[in-house]
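S.K.:
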Amino acid sequence: MKTGIKILIVLMVLQGALLFAGGGQEEAVEVSGRHVEVEPGWELSWEFQGEEIVFAMAAPTTGWVSIGFNPSRMMSEAAYVLAYVDSSGEVQIREDYGTGNTTHASDISLGGTQDVRVLSGKQEDGQTEITFALPLDSGDQFDVVFTPGETYVVLMAYGPDGSDNFTSRHRSRTSLEVQLIR
Ligand code: HEM
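Numbering-wise (my numbering), the sequence shown opens with residue 211 and increments by one.
1) Cβ of Gly278 versus every heavy atom of the ligand HEM: is any distance shorter than 7 Å?
2) Report the three-state DSSP secondary structure of Ile277 (helix, strand or coil).
3) Over what stretch of residues does the beta strand (DSSP E) that includes Arg383 continue unbroken?
4) Buried or exposed for Glu442, please, with buried defined as at least 16 other CB atoms from any protein chain shown within 10 angstroms of its CB.
5) State buried or exposed for His245, treating a residue as buried only when at least 16 other CB atoms are found within 10 Å of its CB.
6) Using beta carbons (cut-off 8 Å, strictly below), is Arg283 in contact with chain D?
7) Rounded to the nearest angstrom, what separates Ser378 and Phe265 at their Cα positions?
8) Could you spell out where the beta strand (DSSP E) holding Ser348 opens and where it closes?
9) When you compare only the Cα positions, how much space is there between Glu249 and Val239?
10) Once the 5 residues before and after Gly233 are set aside, which same chain residues still bring their CB inside 7 Å of it?
11) For Glu257, which residues from the same chain have a beta carbon less than 8 Å from its beta carbon, with the 5 sequence-adjacent residues on both sides left out?
12) Are the region 311 to 328 and the region 343 to 357 touching by the rule of at least three beta carbon pairs closer than 8 Å?
13) Let me check you understand the geometry: is the CB of Tyr290 closer than 7 Å to at least one non-hydrogen atom of the ligand HEM?
14) Answer yes or no: the CB of Ala367 versus the heavy atoms of the ligand HEM, is any distance below 7 Å?
15) Under 7 Å from any heavy atom of the ligand HEM, does the C-beta of Phe342 make it?
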């Protein structure tokens, strides 16, 4: 075989391997049952309950914690829930939608609806944990429909300590594929 062809084949194989490795999903994330652990203390779990899905999200921060679903690219067009525990211990929560690769705005400001129901929230020892329920099908164009057993691209992120707002950029963020089993 001519050297040129050999090199071409090697390059094609390499490109395939790189594409696979660069698929955008993080390695070493533990998904078991209805629970995802990105790192100790940075977790997500869910439970289907009637016409709702209940999520518990936790992250090692005193600022905001968030999950997002099904972006088209980067942060674009994902359906987000962002929440934090404020200085009086109250949960502040907002449903957002990805308006660009690195931007998002509240569903309400975009003409949609806020459908999330807070169940609990606490901030303790530098850790924030929020539980909330979302309708399986809110009818809002800025939300996703949740179907048991379906696989979603889930974005997880949290803000720096003290980021009691919906706008400070993340301290950490990741993207993974999760099958939302019942
Ligand atoms: C609160 C305000 C936010 C700001 C200002 C912001 C800003 C940005 C910026 C500048 C980038 C590109 C640089 C980088 O990779 O770090 C980015 C990427 C990213 N953000 Fe955000 N973000 C925000 C909220 C969120 C939220 C709530 C999530 C998920 C729940 C999220 C998930 C991601 C992911 C997964 C990426 C990487 C996308 C990719 O490279 O494919 N972000 N963000």
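A virtual CB, placed ideally from N, CA and C, is assigned to each residue, including glycine.
M.R.: Quick answer:
1) Translated into positions along the sequence shown, residue 278 becomes position 68. Taken from the Cβ of Gly278, at least one heavy atom of the ligand HEM lies inside 7 Å.
2) In the sequence shown, residue 277 corresponds to position 67, counting from 1. Three-state DSSP puts Ile277 in a strand.
3) Position 173 of the sequence shown, counted from the start, is the residue given in the question as residue 383. Ser382 to Gln389 is the span of the beta strand (DSSP E), which, as asked, contains Arg383.
4) In the structure as shown, the chain starts at 211 and stops at 392, and residue 442 therefore has no counterpart that could be examined.
5) If you number the sequence shown from 1, residue 245 lands on position 35. Exposed.
6) Note that chain D does not occur in the displayed structure, where there is just one protein chain.
7) In the sequence shown, the residue the question calls residue 378 occupies position 168. In the sequence shown, the residue the question calls residue 265 occupies position 55. Going by C-alpha positions, Ser378 is about 23 Å away from Phe265.
8) Indexing the sequence shown from 1 puts residue 348 at position 138. Counting along the chain, Ser348 sits inside no beta strand (DSSP E), nor does DSSP assign it H or E at all.
9) Sequence index remark: in the sequence shown, residue 249 carries index 39 (1-based). Sequence index remark: in the sequence shown, residue 239 carries index 29 (1-based). A straight line joining the alpha-carbon of Glu249 with that of Val239 spans about 7 Å.
10) The count along the sequence shown starts at 1 and reaches residue 233 at position 23. Summary for Gly233: the model assigns pLDDT 35, below 50, so the residue's position carries little reliability, and this model does not support an answer.
11) Taking the first residue of the sequence shown as 1, we reach residue 257 at position 47. Residues of the same chain with a CB within less than 8 Å of the CB of Glu257, apart from the 5 flanking positions on each side, are Arg244, Ile263 and Val264 in chain order.
12) Proximity of the region 311 to 328 to the region 343 to 357 meets the contact definition, three or more beta-carbon pairs being nearer than 8 Å.
13) As a position in the sequence shown, residue 290 is number 80, starting the count at 1. Checking the Cβ of Tyr290 against the ligand HEM gives yes.
14) Sequence index remark: in the sequence shown, residue 367 carries index 157 (1-based). Correct: Ala367 has its Cβ closer than 7 Å to the ligand HEM.
15) Locating residue 342 in the sequence shown gives position 132, where the first residue counts as 1. Every heavy atom of the ligand HEM is 7 Å or more from the Cβ of Phe342, so no.
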